[in-house]
Structure formats: structure tokens, C-alpha cells
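J.: Handing you this structure, nothing more for now.
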Amino acid sequence: MNPITYLRPGSVDEATRLRADFEEAKYLSGGHTLLPSMKQGLARPSHLIDLTAIPGLRGIAVEAGDAALTIGAATRHVEVASSADVLRVVPALAGLAGSIGDRQVRNRGTIGGSVANNDPSADYPAGLLGLGATVVTNQREIPADEYFVGLFDTALEPGEVIVRVRLPVPLAAGYAKFRSAASRYSVVGVFVVRTPQGVRVAVTGAGEGGVFRATALEAALSANFSAEALAGLSIDSGALLRDMNATPEYRANLIMVMARHAVNNMGRVSMYK
Amino acid sequence: MNDRLLKTTNPGGSPLINERLFKSIGKPLQRKEDQRLITGKGRFTDDFSMADQTWAWMVRSPYPHARIVHIDKTAALAMPGVLAVLTGADCMQDGLNAIQHSPVPSTQYDVKLRGPGDTPVFTGQHYLLPVDKARFVGEAIAMVVAETRDQASAAAEAVEVQYEELPWVFDSREAAKPDAPRVWEDIPGNVLVDATFGDIEGTEKAFAAAAHVVTFKSHVGRVTGVGLEPRAALGHYDADGDAYTLYAGSGGAVRQKRELADVLGVDQKKIRVLSFDVGGNFGTRNRLYVEAGLVLWSSKKVGRPVKFRAERSESFLTDYQGRDLVTDVSLAIDRDGKFLAMRAHNLSNVGSVLVSLSPLGKGSGLITGSYDIPLATLRAQAVFTNTMATQAYRSSGRPEVTFAIERLIDRAALQIGMDRVELRRRNLVKPDQMPYMNAVGSTYDSGEYEINMDALLELGDFAGAEARRAEAQSRGKLLGIGFCNYVESSIGTPKERVDLIVHADSVEVVIGTQPAGQGHETSFAQVAADVLNVPFEQVFIIMGDTDVVSAGGGTHSGRSMRHASTIIVLAAEELVMQGRKIAAHVFDVAVDQLAYDDGVFRCLYDNRAWTWFELAAKAAAAKLPPELAAGLRVRFDNEMHTPVFPNGSCMCEIEIDPETGSLEIKRYATIDDVGRCINPLIVHGQAHGAIAQGVGQAMWEGCHIDPATGQPLVGSLMDYGMPRFDNLPSFKNEIAEVLSPTNPFGVKAGGEGGTTGALAVIMSAVEDALLPICGVIEMEMPATPLKVWTAIQEGRKRQREKSPARTDARPEVTA
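Below, the structure is given as C-alpha cells:
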């Protein structure tokens with residue numbers, strides 16, 4: 005590993021200034037993707053700018069009337085998983101956070117880091133897209149539908165910092181995931197959300213372009229929110245991933261099965277392997 | 140002593156084995172080594188460091204097969220902290236020899252593997268660094284030594300290797316074809332072993348006359364050991380003494396010393412190897428690695444100690460790997476379900492260089508499994524490929540052939556419409572046939588196979604399985620019931636040495652085995668304690684330093700408990716003689732007036748009596764004549780060739796969710812005949828680990844290679860599925876102790892049986908679960924949810940198209 009300068013700014017402004025000063029600098033949050041990449045020589049930043057000590061980037065709040073949940077970007081998975089507020093207003097999101105990786109990962113990994121990285125198998129992108137969240141950065145507010153652009157790709161501009169995410173509180177939500185035997189990442193994860201405006205279904209782990217919404221499932225469930233409403237529907241495997249864990253056809257099947265499990269287990273995370 | 144007891148439980152007739160006085164043997168004593176290991180006091184290789192030590196990093200081939208055109212060290216040598224950049228050309232210049240792995244099993248009980256046309260087996264040349272070609276992805280091509288590990292790693296990237304890519308082959312079936320890319324130009328093709336055994340004519344006749352002929356083909360894929368401790372080596376050359384010291388965990392330091400002396404071209408006395416605690420072996424560390432030689436050689440060149448520690452990703456690429464056997468078997472059966480003859484064709488993938496033929500050889504002697512099959516022929520082949528070399532991996536060769544014969548019998552039962560248990564029952568080798576020579580020449584020492592099988596069916600509640608299947612079906616799940624018998628062999632290096640030393644307060648046992656978690660410090664102490672009638676707590680086992688342990692066969696092939704218990708009792712007999720002489724001298728009586736009985740030396744004409752420790756104290760204070768001056772200390776060498784054949788039965792139940800193909804093991808039971816069980820706590824622990832390791836291969840593990848590029852796809856634990864506690868049920872294991880007549884205690888082996896049957900029993904259950912939908916399945920392990928789901932889709936498609944399934948009915952249970 006090459007020498008790296010570790011920086012710990014006290015404000016978002018300071019962080020962005022540092023980022024502008026050093027061409028090869030990278031923001032660091034939980035580091036659970038960045039550090040392994042650095043060990044393998046796949047990432048070689050000259051400077052690491054640790055965002056986790058910046059006041060205001062951490063913590064969970066519920067807006068008045070339980071309209072929405074706000075989670076600071078540097079909030080760790082374990083904090084979301086065990087938050088009384090999250091458990092009360094969107095228990096499936098707490099379950100989702102508690103299902104990420106293992107205990108070590110949950111004690112370090114952050115929601116902002118996960119969302120900024122946008123791994124196609126990560127769980128939070130499904131949660132945010134399903135809930136219709138807003139990603140709040142130091143520059144603007146980005147709706148989830150516009151934020152997740154592609155594999156490891158987001159609408160963030162270079163240097164832009166996620167400050168928090170705002171998640172509207174739904175009528176109910178459920179998450180079902182099928183995990184890889186080796187990595188325990190989602191081979192397919194389906195986050196189903198009921199809102200007054202209709203049902204949203206976000207799928208992670210499966211799409212060639214990362215997380216996506218299963219609109220046919222949304223329509224069927226909006227008309228009739230039950231597992232039976234999904235009968236006869238299928239997912240086109242054309243744009244789904246192929247790897248050692250799964251073929252596109254298998255993923256298409258898993259999406260339907262996981263969607264049904266999510267619908268049958270609203271308010272919870274259901275895990276399969 | 141009771142004669143009947145002696146005959147049945149003390150085959151060697153040693154007067155020191157007295158079952159009625161056993162205080163330790165057979166008891167589940169807690170392990171002596173655990174306190175050390177769980178409090179961070181283990182001495183693993185990376186725990187050793189030396190003053191002024193430097194670090195090595197390997198430049199590894201990114202190609203499966205490439206000619207090394209040129210290596211430019213200039214840029215790397217100019218990097219900060221770099222002390223040396225070494226290549227194959229440097230090895231040649233210094234006259235280093237290729238590693239002599241002695242890869243062809245050579246005891247009189249091993250099958251004789253030969254090259255094509257009855258030629259000697261070509262092994263390839265395993266130089267520390269190659270000169271001509273890279274033959275697999277990850278092969279070390281050059282070595283950088285620098286002040287720090289980071290500097291060595293950075294400089295390794297600056298070593299410019301010019302490669303000329305060559306066509307490659309990784310699949311053994313492809314590699315065996317005449318026009319395949321050649322891994323070694325020294326021989327006409329990649330096939331290095333081609334030998335046929337058995338009664339060919341008789342087998343052909345039996346097949347021609349058989350009422351039924353059943354076949355089964357499969358590929359038992361490639362796995363790797365994934366030791367918790369990545370391999371490491373610390374080498375030091377002492378110019379003053381012109382001597383080398385190596386710290387490297389392995390399966391046996393003595394072997395490493397011998398082979399390193401050969402590589403370096405120096406006398407064995409000039410090399411000391413220290414191997415203490417080892418964080419996982421499973422066979423992967425039993426053969427010498429190039430890095431062990433490289434740190435010693437480079438230490439002499441840079442004049443300082445050199446240390447190497449593998450990354451996890453390097454371990455995945457370059458630890459010796461396991462299995463990889465293509466097998467094609469068939470069985471001739473008569474009208475009554477009696478097996479008449481068997482044919483087998485086994486093709487082993489040895490990788491890029493021959494390190495060991497143990498997997499092919501051990502399996503070859505056991506193709507007929509637990510069954511009395513009068514005639515058999517086997518064609519055993521081995522082939523080079525552009526992959527990491529394979530080596531004996533827990534239960535070398537036996538899970539593969541057990542898989543073949545047991546899956547074949549499951550197929551036979553379906554094909555001829557007979558219950559699979561009954562079909563096995565009619566063909567098991569019977570106790571009164573023991574010792575039983577099978578059709579390929581292996582002589583099974585002892586065993587009660589049918590009794591084991593019935594005990595297993597009881598333990599696993601086989602009778603209740605159909606009710607459980609129905610219950611699962613009511614929940615939309617498919618329950619599969621897997622069942623198999625197994626027999627394996629424990630042969631191993633025949634020679635062992637022990638030093639037994641009695642001090643005033645302790646007994647030391649110096650021995651040349653090398654545990655990696657098997658608990659030798661405990662189980663060997665149990666044996667020595669009961670043989671000498673001293674307290675278990677006062678016996679200490681010394682291993683791992685070749686300056687102390689002068690000879691020894693290491694730990695592999697389930698040999699350690701058998702060899703250790705045998706040599707300890709034989710040495711103890713000599714020690715008793717020595718003790719009587721010393722006691723006679725100290726107390727000034729004739730030797731024949733001194734008796735020894737149950738740990739006490741007694742004067743026959745008065746009431747003086749001394750324990751071992753009392754005698755040791757008196758001897759230390761006395762002036763002994765020269766012939767007794769060593770005190771209570773003997774060195775004993777033993778050679779024991781006769782193999783033993785641990786055996787047993789397994790069953791498991793797997794519930795499959797047809798919607799996702801996911802599999803859950805609901806039940807797993809085994810009966811394992813380990814011969815005499817010295818410590819049931821350790822043997823059960825071994826069984827649990829062995830089962831997990833076998834199940835891992837059947838369900839999750841695989842060293843997959845990308846067919847388009849020849850690149851290994853599995854480089855980390857993100858891709859390689861290890862067995863985990865939440866994927867395994869609580870096992871039901873029982874130990875059967877049918878004592879082997881081949882050694883004093885009747886020990887067989889207990890470390891590998893769990894693995895031996897696991898592949899067969901898991902795939903038996905998977906096939907059984909899918910039978911109504913798929914018929915019999917051609918599924919390579921690991922049986923992942925993807926493969927199971929895909930098989931279900933194909934099965935349903937066939938059912939929809941009403942094309943006849945190969946076997947679409949579950950046979951009626953007649954047992």
C-alpha cells in the first residue's frame with residue numbers, strides 16, 4: 005500500500021475544500037468497500053477524508069406527526085437497526101439495516117457510505133428507492149428515483165457530500181432477501197412499500213444497472229395488495245445480472261418469490277439462503 | 140491378565156496395555172492445548188519475528204500459461220528499501236534443485252501407479268521459481284526482498300515481466316486429449332499416469348452375463364483448505380554456523396527439513412525447521428511450498444532473516460488444492476441384486492506439477508467401497524493442467540470414490556427397483572470375511588459393516604423418514620433422505636520415532652507428528668499416562684522442532700494416533716527394561732530381583748517400591764554406570780506398514796424449497812468405526828469438523844475457473860462459500876469401536892471419516908428430494924440453490940412435455 009494521508013475535517017465545507025485540494029483524495033465513511041479495495045490495489049487514494057466526525061452527519065430523527073424519518077449520512081447500520089424510532093415507524097428498514105453483512109460490518113458501515121457506493125447488491129438502495137427517499141447533499145436534494153443511476157454510479161457530482169437521507173414514513177413496508185452462501189450479500193432483495201399514493205417495489209442484487217423498481221408488480225399490488233395479486237406475473241430476465249450465484253432467469257424467479265414473501269411479511273425482514 | 144481380554148483388545152499382546160487399569164484412555168478429557176490456544180498463547184508462524192528481519196513478496200503470474208520472455212529488475216531494484224529481486228535464473232545460477240515431493244505413493248499397500256505404457260511417472264520440475272514458463276495463475280515468477288512488507292509489495296509491482304501468452308487447459312478431460320495445450324514439453328501429452336488394475340477378463344465376462352448393468356459419471360470438483368492462518372515462513376541463514384533455520388507451520392517439520400536440504404544442496408544437519416501451532420492444514424501444508432525454500436535461500440543472499448506471509452487472496456490461488464477427480468463407474472448385478480463386478484475409470488487433475496498422487500492412489504484401492512464385489516477393473520489416470528497443484532486433502536481420494544460407488548448403488552436401486560438399504564445389505568462385506576481382500580487388492584483389517592448400518596438407521600430414525608417427508612410436503616417442501624456407507628484407509632508414512640523421558644516430576648514424549656488442531660498433546664498423553672501408570676497431567680508431548688525431534692513421519696492420512704499409540708507402548712516396554720536396570724543399580728540388587736508392575740518397581744525380597752517419578756529422582760542423584768547414564772530415557776524407532784480401514788455409515792435429510800432451490804440440512808447422523816477411541820471428545824470434534832468440511836464441498840465450496848479466460852473466479856471469502864454453523868444442524872454421531880488387529884491398541888483413525896461419506900450422503904439426499912420431479916440428476920457439486928432450481932425447472936419442463944423421465948417413480952420401500 006502506498007502512503008496515505010488521513011484527514012478528519014470538522015465540517016462539510018472543510019471536507020469539500022480538502023477534496024478539491026487533492027486530486028486523488030477520497031471521502032471515507034465506514035470504509036467497508038473502500039478499505040478492501042485499497043488493500044487489493046483497486047483504489048489508491050492519496051488522501052482519505054473521514055466524514056464520520058463531522059457534527060450533524062450522524063443521528064436519527066422523526067419529523068413531527070411521523071411524516072418522515074431523517075437519518076444522518078454517517079449513521080451506522082447498527083444504530084438504524086436498533087433505533088426505537090425506526091423500529092416504530094418503519095420496522096422493515098430497521099430489519100434491513102440489521103440484515104446487512106455481519107456484526108463487524110454493521111458496527112462500522114454507514115447509510116451514507118452505502119448509498120454513495122451504490123453496490124448493485126447492497127440493501128440500502130432498495131430501502132431508499134422503495135420508500136421514495138430524498139438524498140440530501142451539501143448542494144441539493146435528489147429524489148431516489150433520480151439518484152441511483154447505474155452500477156456503483158449515482159447522481160452525485162465529484163466532491164458532493166451526502167448529509168442525510170429523508171425517508172417518508174409509509175403505511176407499511178416489508179423486505180425479503182435471498183443471500184449468497186459465500187458473501188451473504190443479496191442475490192435478490194425486494195423492498196415492498198405501501199403508501200397512500202400506491203405501492204412501490206424496489207429490487208436490489210439483480211439488475212444490470214443496479215437497484216430498480218418493478219413497475220408491473222407495483223401496479224398489481226396497488227390494485228390488490230396481496231400475494232395472490234402477483235400470481236401470473238413475471239419479470240423479464242433481459243436486464244438481470246449473471247454471476248456464479250445466479251442466472252438472469254433464476255434472479256427473475258427469485259424476484260417474484262421474494263416479492264411474495266415481502267408482501268406476506270410486512271413490517272419485517274425475511275431472509276432466505 | 141485375562142486371556143480373552145488380551146486376545147480381543149490387545150492384538151500386539153503388550154504387557155503394558157491393561158484395559159482394566161485405564162484411567163485416561165477412552166475418557167473425554169478436555170484438551171491440554173486449548174488453554175494456550177484460546178488465550179492467544181499459540182505459537183503460529185507469524186508470531187515469530189527476528190531482529191533485523193526483512194520481508195518477501197512474490198511476483199505472481201497473471202496468466203494460466205505463458206512463456207517467460209524477459210524479467211527486468213531495474214525499476215524494482217531502484218525502489219525504496221529493496222534488497223534483492225530474485226528470479227528463476229538466479230535459482231539456476233545458485234544450483235538450487237527442484238523440490239523432490241516423492242509424489243508417487245510407494246508403500247507395499249499402495250496401488251502401483253505408472254506412466255502411460257508402464258513407464259516411470261513424469262513429475263515435472265518444481266523449482267522454487269520457474270525459468271521457462273508460468274503454468275498457472277498465481278505461480279511465483281520472481282521474489283522481492285525489502286526492508287518492509289509494503290516496500291516489497293510496491294517493488295513487486297515494478298518488476299517488469301515480459302510474457303508470451305500460451306494456450307491453456309484447466310479441465311482434466313480436455314487436458315487428456317491428444318491435441319490439448321501441453322503443460323510440460325518433456326512428455327508427449329499431459330497424461331502422466333495411466334495404469335489399469337484388476338481382473339480385466341473376468342470383469343468383462345461378469346458384465347456380459349449380468350442381469351443389470353448400471354453406470355454413473357461425475358466430476359468431483361476442486362476445493363481448497365482455507366486455513367484460518369494463511370501460510371507463512373520465516374527463514375534465517377546463520378553465516379557463522381553455515382546453518383539455516385525455518386519457522387513454518389506444516390504437517391511435519393522433519394519432512395520439510397529433508398526436502399529443503401535437497402533443494403538447497405546442503406546437509407540435513409545444517410537445517411532446523413520449527414513448526415509449532417498450525418492454523419489449519421487438512422493436507423494443504425503437508426507438502427513443501429516454494430516460499431519455504433525461497434526465504435532460506437534469499438536470507439543467505441541478503442544476509443538477514445526473510446519473512447513471507449501470504450494474503451488470503453494468495454492462499455486461494457496458491458495453497459495446494461484438493462479433489463478434482465472425474466469418475467466413470469459401472470456395476471454388474473445379478474437377478475438377486477448381488478454385485479458381480481465393477482468397472483471404474485478415474486481421472487485425477489494434478490495441476491501444473493506433480494506434488495502428490497495420493498488422491499488418485501488412495502481412492503484406487505477403495506473403488507469397491509464397503510461391498511463384496513468379486514471382480515473389478517480400474518483404469519487410473521492423472522493429467523497435468525494449468526491450475527494450482529492438487530495434494531491430499533482431508534480423506535485424500537476416499538470421498539471421491541465413496542461418492543462414486545454409493546451414488547452408483549443408489550442408481551442401481553432405482554434401476555432394478557430394489558430398496559437401496561436392502562441392496563446394500565445383500566452386498567456388504569461380512570465380519571467373518573475379515574480380513575477381506577477387495578477386488579483391487581486392498582485388505583480390509585476389520586469391521587462390522589452391517590451392524591454399523593443398522594445402528595445408523597436406528598440413530599437417524601430412518602423408519603420415520605417417510606412421515607417426515609410427508610410432513611414437509613404438506614408445507615410445499617421436498618424432503619430428501621440421503622444414505623451411504625463408507626470405508627476408507629489409513630496408510631501414511633510407515634516410520635515413526637519417539638523419545639520417552641521420565642523426569643522426577645514429568646514424562647516427556649518427543650514425537651514427529653504435527654497436529655493442526657487434532658489434540659495430540661492430549662490424546663498422546665492419555666496413552667503414555669495409562670501405559671506408564673502415571674498421572675495424565677504430568678505427561679507432556681514435545682513436537683515441531685527438528686533440533687529436538689530428530690525423525691518422524693508427520694501428520695497425514697489419519698496415521699498419527701495409530702503410530703503414536705503403537706510406538707509409545709513399544710518404547711515404554713523398553714523403558715521398563717531400562718527402569719529395572721537402573722532400579723537394580725540404585726538399590727544394589729540383581730535385575731531379576733526387580734519386578735515392574737502397573738507403574739511400580741518393586742524389590743522382590745523386601746517391600747521397597749518406587750514409582751517412575753521416585754526412581755527418576757533417585758537415578759538423577761545416583762552415579763550411574765555409562766550404559767545407564769542416559770537415565771530413564773529411551774529412543775525407539777518403529778516401522779508399521781499395515782493399513783487400517785476406518786468405516787461407517789451416514790444419513791442426512793435435506794429440505795428443498797422448490798420455489799428458490801434453497802437447501803436446508805434438517806438431520807445428519809453417522810456411525811464411525813474408528814477402532815479404539817482414545818478420547819471421545821476429540822473424536823467427536825473431529826467428526827463434526829470432518830462432516831462440515833465434506834458438506835462444504837457438496838453444498839458451497841468450489842474453486843471455479845472462468846472457462847473463457849482460464850482465470851480463477853474465486854479469490855476471496857466473498858466468492859468461496861465456507862460451511863457455517865447456521866447452515867448445519869446438530870449432528871448425531873456415535874462411535875463404533877471395532878478394534879483393529881493390526882496394532883497394539885486396535886486404533887484405526889477418526890479424523891477423516893466424517894468427510895469421506897459426506898459428499899455421497901448429501902448428493903444422495905438432493906437426488907432423493909428431486910426424484911419425483913427430475914428423476915435422477917446429473918448435478919456437479921456444490922449443489923447450490925441455482926443448480927437445484929434449474930434442475931427443477933428442467934424436470935418440470937420434461938414432465939410438461941411428457942417426455943419420459945429416466946426414472947420417474949420412487950421405488951417402494953421393501954426393507
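Same order as they appear, the protein sequences are chains U and H.
Under my numbering, read the first sequence as residues 5 to 277, first letter to last.
Under my numbering, read the second sequence as residues 140 to 954, first letter to last.
By construction, the Cβ of each residue, glycine as well, lies at the ideal position given by its N, Cα and C atoms.
Computed from a predicted structure; not experimentally measured.
(1) Using the three-state DSSP reduction, which class does M716 of chain H fall into: helix, strand or coil?
(2) Shortest alpha-carbon distance to R559 of chain H belongs to which of H:K569, H:E545, H:P570?
(3) Leaving out five residues on either side along the sequence, give the residues of the same chain with a beta carbon under 6 Å from the beta carbon of H702 of chain H.
(4) Check the C-beta distance from L517 of chain H over to V568 of chain H and give it rounded, since I have them as a contact under 8 Å.
(5) Measuring only between beta-carbons, confirm whether R12 of chain U sits less than 8 Å from chain H.
(6) Name the residue from H:I164, H:K162, H:G181 whose alpha carbon lies nearest to the alpha carbon of A655 of chain H.
(7) Have a look at H:P203, H:G860, H:G422, H:M481 and flag the residue whose alpha-carbon is nearest the alpha-carbon of T526 of chain H.
(8) Identify the residues that DSSP records as bridge partners of A979 of chain H: which are they?
(9) Among the candidates U:E161, U:R255, U:L237, U:I53, whose CA atom is the shortest distance from the CA of R183 of chain U?
(10) Quick one: is M248 of chain U near chain H, going by C-beta distance under 8 Å?
(11) Should the segment 647-666 of chain H be regarded as contacting the segment 720-737 of chain H, the criterion being three or more beta carbon pairs within less than 8 Å?
(12) For P124 of chain U, which option in U:R246, U:M262, U:A266, U:M260 has the closest C-alpha, if you only look at C-alpha atoms?
(13) When Cβ atoms are compared, which residues of the segment 177-197 of chain U fall closer than 7 Å to chain H?
(14) Listed from N- to C-terminal order along the chain, which residues in the segment 258-275 of chain U have their beta-carbon within a distance smaller than 8 Å of any beta-carbon of chain H?
(15) Determine the closest residue to K926 of chain H out of H:D796, H:K887, H:L856, with distance taken between C-alpha atoms.
(16) By DSSP, does T213 of chain H sit in helix, in strand, or in coil?
(17) Is the segment 532-545 of chain H close to the segment 489-503 of chain H, with three or more CB pairs under 8 Å?
(18) Is it buried or exposed for R92 of chain U, if we count other Cβ within 10 angstroms and need 16 for buried?
(19) Can you have a look at E161 of chain U and say buried or exposed, based on whether 16 or more other CB atoms are within 10 angstroms of its CB?
(20) Can you pull the DSSP bridge partners for W839 of chain H?
(21) Taking contact to mean at least 3 C-beta pairs separated by less than 8 Å, is the segment 576-596 of chain H in contact with the segment 621-635 of chain H?
(22) Just mark Y266 of chain H as buried or exposed, buried being the case when its beta carbon has 16 or more other beta carbons within 10 Å.
(23) Rounded to whole angstroms, what is the Cα-Cα separation between Y376 of chain H and V434 of chain H?
(24) Below 7 Å CB to CB, which residues in the same chain sit around L547 of chain H once its five sequence neighbours on both sides are set aside?
(25) If we define contact as Cβ-Cβ less than 8 Å, is Y254 of chain U a contact residue for chain H?
(26) Can you round the beta-carbon distance between P95 of chain U and L135 of chain U to whole angstroms, since I take them to be within the 8 Å contact cut?
(27) Can you check DSSP and say which residues form a bridge with N777 of chain H?
(28) Sort H:G165, H:G391, H:V417 by Cα distance to E172 of chain H and report the nearest one.
(29) In three-state DSSP terms, what is I650 of chain H?
(30) According to DSSP, is P911 of chain H part of a helix, a strand, or is it coil?
(31) If we cut at 8 Å on Cβ distances, does W194 of chain H have a partner in chain U?
(32) Should T262 of chain H and L493 of chain H be called a contact, given that it needs their Cβ atoms to be closer than 8 Å?
(33) Quick one: Cα of T246 of chain H to Cα of G934 of chain H, how far?
(34) Using 10 angstroms around the beta-carbon of F455 of chain H, count the other beta-carbons present and answer buried if the total reaches 16, otherwise exposed.
(35) The alpha helix (DSSP H) spanning L435 of chain H covers which residue range?
(36) Indicate the three-state DSSP secondary structure (helix, strand or coil) for S613 of chain H in the structure shown.
T.: According to the data block:
(1) helix
(2) H:E545
(3) E635
(4) So it is not a contact: roughly 18 Å between Cβ atoms.
(5) no
(6) H:G181
(7) H:P203
(8) As shown, chain H starts at 140 and ends at 954. That puts residue 979 of chain H outside it, with no answer to give.
(9) U:R255
(10) yes
(11) no
(12) U:R246
(13) F182, A185, A186, S187
(14) L258, V261
(15) H:D796
(16) helix
(17) yes
(18) exposed
(19) exposed
(20) W839 of chain H is not bridged to any residue.
(21) yes
(22) buried
(23) 9 Å
(24) V353, F355, V468, L470
(25) yes
(26) That pair is no contact at about 13 Å.
(27) H:E635
(28) H:V417
(29) strand
(30) helix
(31) no
(32) yes
(33) 48 Å
(34) buried
(35) 429-441
(36) helix
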